[in-house]
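J.:
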């Protein structure tokens, strides 16, 4: 489990996160929803300790984050971090050299799943295929938790569908996933937990299936209620 | 298997209903193997935990059964199968009756219209 407890982050005078708390379980997909600029990415960066928080605590499997925590978590940013002149296979080799959690077998499988060609150069890929390579590089790691920043943002519908398929497949297995999005759209039925974030504050945290069962409300219904206030 | 979900009912109850419909129409036969929870999640594009929940519910209602380490199968219990059919029919009729009642149509006329409609559709 990843536990976020009362974290606060200031950039200059601006409080980007203001006492954010929620949990993300293994075997569940947790979705942080909020419009752009409300602190979604900052939360992921904080979990990775790329942006150290000013106060509050982050626990991964019950332990405070430390260097070793990152054998257990991988972060997939919303933009490709590999050099554009690399081929997909060079990018994979790079990851293999750099991370001992890299699982080459799974990487090859994902390559097939996304119908990508190893010899293709990153700079020559479509936006959708770039997003898939980006996802591949993270998903291929043997870790308990995967953080994805806006995996559906700005790509075509077919790529979106293919990426959504990852969530129902064994590629996720029983891992814990945290994704951020500003648009719930076609993934409403894929997620377990919703965290609604606005101006650095968690307005509501709920299980989407439970919400449908007990209150007969869709995720979008709840978003309308909570965000318009 | 394809399904259109509505967004406000729990997904697992929609999945259970979908299975009931297919059982009642014979598209799923007694004793037929059903997909694993992962396969079902993949086919219907739903969360695997939800697929799991739907299977648990169906198991509790006796609609499916699982023998040790085998894929789950549709029940062969006649009593359960006929009660599924009955349940779906009753539900459809309830819905029909409550909407037609508000228009105040005499029963004879309704029966006549239904018979006509039925014959039309089976001729098509």
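Chains as they are written, first to last, in my numbering: chain A, 1 to 229; chain B, 1001 to 1124.
No residue lacks a Cβ here, since even glycine has one placed at the ideal position from N, Cα and C.
Note that the structure is a prediction, hence the values are computed from the model and not measured.
Looking at the structure shown, is residue 1015/B part of a helix, part of a strand, or coil, going by DSSP?
T.: Reduced to three states, the DSSP call for residue 1015/B is helix.
J.: Give a yes or no on whether the C-beta atoms belonging to residue 31/A and residue 202/A are separated by under 8 Å.
T.: no
J.: Taking Cβ-Cβ distances below 9 Å as the criterion, which residues of the segment 1001-1021 of chain B are in contact with chain A?
T.: 1005, 1006, 1007, 1008, 1009, 1010, 1011, 1012 and 1013
J.: Tell me the residue span of the alpha helix (DSSP H) that contains residue 92/A.
T.: 88-98
J.: Roughly how many angstroms separate the alpha carbons of residue 24/A and residue 2/A, rounded to a whole number?
T.: 5 Å
J.: Alpha carbons only, please: which of 174/A, 140/A and 147/A is nearest the one belonging to residue 102/A?
T.: The residue with the shortest Cα to Cα distance from residue 102/A is 140/A.
J.: With a threshold of 8 Å, are at least 3 pairs of Cβ atoms found where one atom belongs to the segment 1076-1092 of chain B and the other to the segment 1041-1050 of chain B?
T.: no
J.: Determine which residues share a DSSP beta bridge with residue 202/A and list them.
T.: 197/A
J.: Run through DSSP, which three-state label would residue 121/A get?
T.: strand
J.: Chain A partners of residue 1046/B, CB-CB under 8 Å?
T.: 168, 189 and 190
J.: What number of angstroms, rounded off, separates the C-alpha of residue 1014/B from the C-alpha of residue 1005/B?
T.: 7 Å
J.: Short of 8 Å Cβ to Cβ, which residues in the segment 14-29 of chain A face chain B?
T.: Flagged, chain order: 27, 28 and 29.
J.: Going straight from the alpha carbon of residue 1043/B to that of residue 65/A, what length do you get?
T.: 37 Å
J.: Contact between the segment 210-224 of chain A and the segment 1025-1036 of chain B: three or more CB pairs below 8 Å?
T.: Between the segment 210-224 of chain A and the segment 1025-1036 of chain B, the count of C-beta pairs closer than 8 Å stays below three; the two stretches do not touch.
J.: What's the call for residue 157/A, buried or exposed, on a 16-neighbour Cβ count within 10 Å?
T.: exposed
J.: Taking contact to mean 3 or more Cβ pairs, one atom from each stretch, closer than 8 Å, check whether the segment 39-53 of chain A and the segment 107-126 of chain A are in contact.
T.: no
J.: Beta-carbon of residue 183/A versus every beta-carbon of chain B: anything under 8 Å?
T.: By this cut-off, residue 183/A is not an interface position.
J.: Does any CB atom of chain B fall closer than 8 Å to the CB of residue 212/A?
T.: yes
J.: Can you tell me the Cα-Cα spacing of residue 1102/B and residue 1115/B, whole angstroms?
T.: Looking at the two C-alpha atoms, the distance is approximately 21 Å.
J.: On a CA-only basis, which of 40/A, 16/A and 26/A is nearest residue 181/A? Give me that one, please.
T.: 40/A
J.: Taking its Cβ as the centre, do 16 or more other Cβ atoms sit within 10 Å of residue 1025/B, making it buried, or is it exposed?
T.: exposed
J.: What separation, rounded to the nearest whole angstrom, lies between the Cα atoms of residue 106/A and residue 214/A?
T.: Linking residue 106/A to residue 214/A through their CA atoms gives a straight-line distance of about 39 Å.
J.: Can you tell me whether residue 92/A is buried or exposed? The criterion is at least 16 other CB atoms within 10 Å of its CB, across all chains shown.
T.: buried
J.: Going along the segment 106-119 of chain A in order, which residues come within less than 9 Å of chain B, judged by CB to CB distance?
T.: none
J.: Could you name the residues of the same chain whose beta carbon sits closer than 6 Å to that of residue 74/A, not counting the 5 residues immediately before and after it, in chain order?
T.: 138, 141, 143 and 146
J.: Just how far apart, CA to CA, sit residue 69/A and residue 60/A?
T.: 7 Å
J.: Use the C-beta contact count for residue 79/A: other C-beta atoms within 10 angstroms, 16 or more gives buried, fewer gives exposed.
T.: exposed
J.: Counting only C-beta atoms, is residue 1050/B closer than 8 Å to chain A at any point?
T.: yes
J.: Quick one: does residue 1038/B have its CB under 8 Å from some CB of chain A?
T.: yes
J.: Looking at the structure shown, is residue 1120/B part of a helix, part of a strand, or coil, going by DSSP?
T.: It is helical.
J.: Would you please verify whether the beta carbon of residue 132/A is less than 8 Å from any beta carbon of chain B?
T.: At least 8 Å separates the CB of residue 132/A from every CB of chain B.
J.: Examine chain B for any beta-carbon lying closer than 8 Å to the beta-carbon of residue 218/A, and answer yes or no.
T.: yes
J.: Quick check on the DSSP output: the alpha helix (DSSP H) that includes residue 1105/B runs from which residue to which?
T.: Note, residue 1105/B: premise wrong, no alpha helix (DSSP H); not H, not E.
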